[in-house]
Every structure is written in structure tokens, then in C-alpha cells.
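Chains as they are written, first to last, in this note's numbering: chain A, 3 to 227; chain B, 3 to 227; chain C, 3 to 227; chain D, 3 to 227.
What follows is the structure, encoded as C-alpha cells:
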């Protein structure tokens, strides 16, 4: 196959969930698209790069109205919205998790996107996460434009092995970061530490007891109401 | 194929989850089993019918030590065990759900097996469930050998559409049954009614926020701790 | 759970494709069956053992009309039927393959059921197959009640790795067996050896070129017509 | 979510096999790519549109070395290669089928890409296929730069219901087109018509007799060798 076709197949193969076969189908699809549609796609990808910024507090990507002043710190719509409950912080693995939670319209606090999970507690693994950035935001949210004292931090990583390992790490990070910091702010009153919570485990809607693992079922019993 | 083979295939095809192809494989499997193994299987099936009774309180099948006095009321190991917390009643759809919950070793109350679910609230559907039997056990558990006043009734049907419809029906049945009964027993004190609870919904172990439906995610947030 | 229930679950767990969870469901299903249905099942399983014989030529199980003269050699309906083309022999892995081929109604020859496949060409593996029995039937089919000289032997093992290894082994067995035997019968005329054939590979009905592996697609091209 | 993000999600959602959830993941993936990688992707998509031509004979896309003389007729590498056997024509549904066949390296003839299949033999359906273009190439291949008299035409549509309906249509088209044309060329000698063939059906590599449908198994028997 022609070199350029192969190159584009290779580039699409790096897209998440895409293998070489699907990448080929994408290329054949593009070949048949009219020129205007191709130009629309290219313009849209370029726009993404030019207009999208990452929120200086939570790392959520958002479309900046003010254009390309890239040095300037900017908050996303969620962080900027003073009607949201700034005493709540929800730590998620990735952007799509934030989007899923927003869709429920039941959570009104702030977020922080970790940028992944760790499989182990090795230093090299941990450094891939935004733990340093989390520490800074916990210590002085005001320097990122957020005036608050967090009352609750929800560690909303997935209940997968990686998500659980990450939750342990993040919980430790939060405690180590906030203990001295809070002491300074609150004059040493220990119980000012925010509550650290985790999402409730249980049967998912549509699930069945018969096929639930024991930990899920235990949690469903403990969380009954 | 020979008539008898076909007949056995038909009988196995009625087993849960078994289609004609699997039923054929069962028959070919049996053909090759040595005579002793066949006799062991037959004896085991006969024993099941002869020795197994259904608990006169919760309908859980159990092996009766006293043999075939079929008229006599008998309790299963769970209902008979006075160390279990008889102030808790967990209502499940079917035997396998009871078995799944027992495996967690975290629930120590009693059970009641409904015998199914309803897809609608039609009378003909409802009559397939053991609602009458549930009413009797709620009204006078002592006449089934259980001395108790239930403090909590857990409706542990599955969070499927059928399970939810059934839960609504059962909750209504419990309230209608216990209100007057309790009044009589407690001298009219209303708040003596047992608490009615439902299993906690949430993300199952191994699940991911990204793929959770909105109701599950909402519940996971509400049930955080 | 009661011992007898557990024992029956264990016995069902040995059925093909059945795991412990499905086995439990079988047991709960049987518990609820009325007594007559249980007796019908037991009688049917007993009949299977009493009336079913394995064809003395092809090993196909069949229902014997003459009852339990177990010493006597008996042919199944297919082998007994003199209208079938006795110059054709189709060697299959197992009973269900024979049944699948019979369903097409396009093959009118005889069969031989090998009783499995080999993963390797080790002696211990080979001895699990009915190769000795195949040799005897190839050498003197008449001693099993089949008067014929095979003109074509179709090795109809599956095109899986095991099926292919088995086909190689069987082809070798046939050649080693028939060469001297035929020589004796035919007065040394070599080309009297039966033709050895294999099922045609190709795209299955409903399949797609895009998802076919290369060998399948090659065969589909070679077998075009 | 920002308008531009949503627009790009919509555009990716139209890619084959991509739904909104996967499209979102593509967008989040692109957001995190460094600028150079985005530019590489955009350049590659642009190149595809600028440099890729469709072969004037078979409609296979290929990279043109001579650039953008778009009026000019050009043959792809396969059609241009005089070492290929130009007496063979293989008619396929789509580009990926051609690619799959080329991978086997066993077919050395020419191709024609129909551009789809028909579910019915309605005129509106048929007009979506390149039947007119096929007729022209069959009548006078020389006007497309191919000097040949086809000896065999392989209709290599998939053995799916649509592929089979399409094969019937294409076979009829070929016969109606070539009969008079051939007569003129060959001076009326009827049997000069090319042989029309279809791919061999059979068990695919890795398949099993037990799960094959009857037509597949019949074909496997007929195609034995």
C-alpha cells in the first residue's frame, strides 16, 4: 500500500481503542469523503489545538474565549462558577470521568484530574500522576484563583485494582499535605482536616446479586438504606 | 436419532441455560460414563427429591436429617440457628441469591425467598410470588417457629426493572400487612414498624465510572463515605 | 449447603460446558420439579445406559431393539443400511460431528468415530484415539459385517490445530495399514489404494473476506468454481 | 462541553465503528498530543486527499507520483503491472477486501471494486454500485489502458445475504454485457464467454464441524480434495 496511506493508518492506530484494521477503515472512509468534509475535519482538529486550554486549577480542557494568551492562567467553566460548592473537591482519574459525573447533575463541587492511575506505588509510576500539582492546589487554592477551605475531598478513582492503589496513594498525599498546612492556617486545630470520602460500592443498576462478587455484595449490604 | 436419546435431549433442554446443542453433549457425555457413575448420578438425583425439604419459614431448600415425615414443619439451618439475628429479615428473589449473600458471611439475619419477580403489577403476575406466604410470616412469625419482632426488613431484589417493580410491590405488601398487626401487638405505637431498606447501589468492584449509567453513579456519590 | 446438594452440584459440574454456578442452577431446578418429572428424567437416563449400544463398526451410539445381548456385535442404522454407499468412509472426531454431517443429508457413505483428537503425536496421546480399531476396520471390514472395498476415505477432523495434527496421524495410519493389505487383496496393484480426501476449507456462509485469515482466503480462491 | 469539542466529537462519531463515547476519547487523546504530532496528523490527512487517486480501471486508491493532474487517467500499481495475469478479473465489494486478498499473495490477476453490496435488487439500490463502470470495463478494457480478453471473472463478494444478492446481480450484468460484445469480437463464437466463478465455501481455518451451518458443511464436503 502507498506510503502515505500506511503512515496515516499508523497514526490512527495510536488512537485509543483503534487497531490496524479499524485504522485502515478510517483511512478508506476519509478517502471517500468530499474535500469540504476533510477540510472541516482538519479545521476542527486545528481549532482544538489552538483554542483549547487546560484549566489552571483542575486540568479540565475547555475552550478559551480570549484566544491564545498562553502564559495567562485561566479557569474552566466549572472552576470559575462561583455558584458551585467550593468546599467540595472530587479527584478523578481522567477527563471522561469528570464528564460522566457532570452528566448526573448531582455533584456541584470542584474537580481535580489526576491524569491516570498507578499500578504500583513505585516512584516512577507515581510521578506520572499530578500529585505535585494536587499538593499545590490543596496547600494554597487561592493562588490558583479558588478561595476556599475544602471540607470534603472525594477520591473518585475507579474501584479497579489500579484505581484502588491510586486512592491509597492519594489519600496519603492529602493527609501529608494538609496536616501541617491546616495546622498553620487553623492555629493547630487538628479536626479541621477535610473529610476524605470514597464513592459507594454496590450493585450497579441492572446488576444481579447472583453475579456480584463478594466485596460488591458486602458493600451493597453495608450501604443499604 | 433414537427415540430415547431424543427424549433425554428434550428433558435436558429444559434445564436452565441449556439449549438442544448442549443437551446433546450432555447425552453423549452420559453415554460414555461408566455404569457406576451413572448410578451415582441417579442415586444423587433421587436423594435430592427424597431428602430435601423446603424450610417452612423461608422456603430455602435443605437436607432433612429426620427423613420423610413430610407433614411436619421444619426449619432450615439458618432459620433454626438461634445465634442469627432474628430481628433482621432479608427478602430475596431466589435460592441462589440467598446462597450468594451467605457466602459474604456479613449478613446474620433471616431470609425469605419470594420465588421470582414480577414484570408488571398484574394480579396474575403477583400470584406467582409468595406474597401470601410473606404476609403470614410477617403477621405471626411465631406460628412458624420464629419468635421475633422484625426491626429491619431488607428488600434485596435485583436492581433490574423486574426486581425494582417487585420491590415496590413487596414494600407495599409489608406496609399493608404490618400496620394493623403491629398496632395490635404494640398497642398502637406507630413507629414500631420495622425499617424497610434496600441494597445500596453503586459502582461494582472492578467497574469504571466511564461506563456506569447515571443512576448508578448518582448512587455511588450519595453513598460515599 | 447440605452434603447431598453439594454432591449433585459436583456431579453436574463434570458435565460438558457446566461450571459450579450452572450446576447449582440445575440442582435448584430439579428441586422444584414435580416428582413425576424427576422420575421421568431418571428413567430416561437409565434407559440410555440399558438400551444404548455403540455400533460395532463405527462406534456411533444407537438404540438397540434386541435389548441387552451385550456380547453380540451390532451395527447402527447407518452401517446396517445397504443403500448407503459403502465405498465411502468418513472419519470424524466425535459423535456430534457425525450428527452434523447427517443433518446435511448430502453424505451417503459410512463413518468411523475416532473418539477425539491429539494435540501432539506422542504415543500416549495417540493411544486415546481409536487408531487400532480403525486399522482393524480398514484391514477387514467384512469381519464387522461390512462388505466393501473403500474407494475414498474422507478425513473430516476439524481444521483446528488439534484436528490438523490428528488428520496427519490418521492419513499415515491409513497408508501404513492399507498398503500391504491392499497389495494382498489386489494382487499387488498399487493404485488400488483408496483416495484420501479432506474437507474443503473456505469462507463459511455468513463470513466476510475482511475477517478471514490468509489460509482460509487462499483456500477459498483455490476452491473457486 | 465547549462547542468546538462537541463538533469534533460529532465528526469522529461518523467514522466507521466509532460511537460518541469512543469519539470523546479520540478528542481527549488529541488534546494531549504535542503540537508536532497534531501537525503530522493533519499533514497526513491533507496528503491523503491531495496525493491519493482512485485507479481509473479498478477504483483502488493509490498514491500518485505525478501529483495533481486530476483530469488524467491513471492506473494503480496492480493494474499497471504487466506481470499480473490480465486474463483474470476479481470483483470485490470494497477496498479492504482487495487488501485482504493481496495479503495472501496467491492471486495474481486484476480487480474491480464494486463499492458496496445490494440488499435488494431494486433499481435505487443497484445504482449505488459501480455496475455501469463494470460494464464499460468489460466491454472495452483497452479504453482504460488494459489490453486483455478476460478468461475468468471471480465474483468475490462475501457469502453474506447481501453479498449473495450482489453476486446474482453482477453475474447477470456480466452475461448481458459480454454476450453481444464477445460475439462482435470473436465473430459470434459463443463459448468465448469468460468463466464466471465464486469463492469456495467451506470450514474456515480454526472452525468446527459442530458449529458449522448446513450449507457451509455441504460445501466443505463438495469441495473436498
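Each residue gets a CB set at the ideal place from its N, CA and C atoms; glycine is no exception. Quick caveat, the model's predicted, so the values are computed rather than measured.
Asked: Paired residues, beta bridge with residue 111 (chain A) - DSSP; Found: A:87
Asked: Contact belief for residue 231 (chain B) with residue 212 (chain B) at Cβ below 8 Å, rounded distance in angstroms; Found: The structure shown has nothing for residue 231 (chain B), since chain B only spans 3 to 227.
Asked: Alpha-carbon spacing of residue 29 (chain A) relative to residue 218 (chain C), whole angstroms; Found: 25 Å
Asked: Interface positions of the segment 18-30 of chain C facing chain B (Cβ-Cβ less than 9 Å), listed along the chain; Found: 18, 19, 20, 23, 24, 26, 27, 28, 29 and 30
Asked: For residue 132 (chain B) and residue 105 (chain A), the rounded distance between their alpha carbons; Found: 40 Å
Asked: is_contact[residue 88 (chain D), chain C] using C-beta, thresh 7 Å; Found: no
Asked: Where residue 191 (chain A) sits in the DSSP three-state scheme; Found: The predicted model places residue 191 (chain A) with a pLDDT of 48, which falls under 50 and marks its position as unreliable; any figure quoted below should be read in that light. Here residue 191 (chain A) sits in coil by DSSP.
Asked: Inter-stretch contact (C-beta, 8 Å, three-pair minimum) for the segment 158-167 of chain B and the segment 199-214 of chain A; Found: yes
Asked: Residue 228 (chain B) at chain A interface by Cβ criterion, 7 Å; Found: The first residue shown for chain B is 3 and the last is 227, placing residue 228 (chain B) beyond what the model contains.
Asked: Anticipated Cβ contact below 8 Å, residue 118 (chain C) with residue 95 (chain C), distance rounded; Found: 6 Å
Asked: Cβ-based burial, residue 21 (chain C) [other Cβ within 10 Å; buried from 16]; Found: exposed
Asked: Test: residue 120 (chain C) CB closer than 7 Å to a CB of chain D; Found: no
Asked: Reduced DSSP category for residue 172 (chain B) - H, G, I as helix; E, B as strand; rest coil; Found: helix
Asked: 7 Å Cβ cutoff, residue 6 (chain A) in contact with chain D; Found: yes
Asked: Endpoints, the beta strand (DSSP E) within which residue 223 (chain A) is located; Found: Per DSSP, residue 223 (chain A) belongs to no beta strand (DSSP E); it is in the alpha helix (DSSP H), 216-224.
Asked: 7 Å Cβ cutoff, residue 46 (chain C) in contact with chain B; Found: yes
Asked: Reduced DSSP secondary structure (H/G/I, E/B, other) of residue 179 (chain C); Found: helix
Asked: Three-state secondary structure assigned by DSSP to residue 199 (chain A); Found: strand
Asked: Rounded distance between the beta-carbons of residue 93 (chain A) and residue 149 (chain A), thought under 8 Å; Found: Not confirmed; about 20 Å, so no contact.
Asked: Neighbour list for residue 168 (chain D) in chain C, Cβ cutoff strictly below 9 Å; Found: Here the premise fails: no neighbours, minimum Cβ distance about 13 Å.
Asked: Spatial distance of residue 223 (chain C) from residue 181 (chain D) (CA atoms); Found: 25 Å
Asked: Per-residue burial, residue 145 (chain C) [other beta carbons within 10 Å of its own, 16 or more giving buried]; Found: exposed
Asked: Boundaries of the beta strand (DSSP E) in which residue 79 (chain A) is found, first to last residue; Found: Looking at the DSSP string, residue 79 (chain A) is not in any beta strand (DSSP E); the run it does join, the alpha helix (DSSP H), is 79-82.
Asked: Closer than 7 Å to chain C by CB, residue 211 (chain D); Found: yes
Asked: Proximal chain D residues relative to residue 221 (chain C), where beta-carbon distance stays under 7 Å; Found: 202 and 204
Asked: contact_flag[the segment 32-44 of chain A, the segment 31-42 of chain D] where n(CB pairs < 8 Å) is 3 or more; Found: no
Asked: Terminal residues of the alpha helix (DSSP H) in which residue 137 (chain B) lies; Found: 133-141
Asked: Contact check, residue 116 (chain A) vs residue 91 (chain A), beta carbons under 7 Å; Found: no
Asked: Residue burial classification, residue 121 (chain A) (beta-carbon count within 10 angstroms, cutoff 16); Found: exposed
Asked: Bridge partner(s) assigned by DSSP for residue 205 (chain C); Found: D:203
Asked: Chain C within 7 Å of residue 15 (chain D), Cβ atoms only; Found: no
Asked: Residues bridged to residue 92 (chain D) [DSSP beta-bridge criterion]; Found: D:113 and D:156
Asked: Any chain D beta carbon closer than 7 Å to residue 99 (chain A); Found: no
Asked: C-beta atoms of residue 13 (chain C) and residue 226 (chain D) nearer than 7 Å; Found: no
Asked: Below-7 Å beta-carbon distance, residue 63 (chain C) vs any chain B residue; Found: yes
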